[in-house]
Amino acid sequence: MAHRRLSAAEKGKGMELGEHQPPRTARVRVPQADNTELLRKHSLTLIGRVTNKSVQKVWSLIPFFTVYMRKRKSPV
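In the UniProt record's numbering, the protein residues as written are 1 to 76.
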C-alpha cells in the first residue's frame, strides 16, 4: 500500500468551527485570604522584622550585614 501525505484540509486543520466552538469556562473567584495569624506567627523572625517598616529601617541593616558577613569564615 502506498503511503501518501494528507493535506491540512484532509486532516481537519485550519477549518472554522462555526457554531461548534468550545464553551468558555467561568472565571474562578478566590476568597480574600486572612493573613493575620501568619503575620503574628512571623512577626518576631528576622525576615519579619526586616520587612516591617514600622519596626525596622531596612537601610540601617545593610551596613551591619556587610560587616557581619566579612567577619565570618569561608564556608569551604
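Glycine is no exception: its CB is placed at the ideal position from the N, C-alpha and C atoms.
Just so it is clear, the structure is predicted and the values come from calculations on it, not from any experiment.
Between the alpha carbons of His3 and Thr25 lies a gap of roughly 41 Å. Within its own chain, no residue has a Cβ closer than 7 Å to the Cβ of Tyr68 once the five positions on either side in sequence are excluded. In the DSSP annotation of this structure, Ala2 is not part of any alpha helix (DSSP H), being labelled neither H nor E. In the structure shown, Thr25 adopts coil according to DSSP, grouped into three states.
Following the DSSP letters along the chain, one finds Thr36 inside the alpha helix (DSSP H) bounded by residues Thr36 to Lys41.
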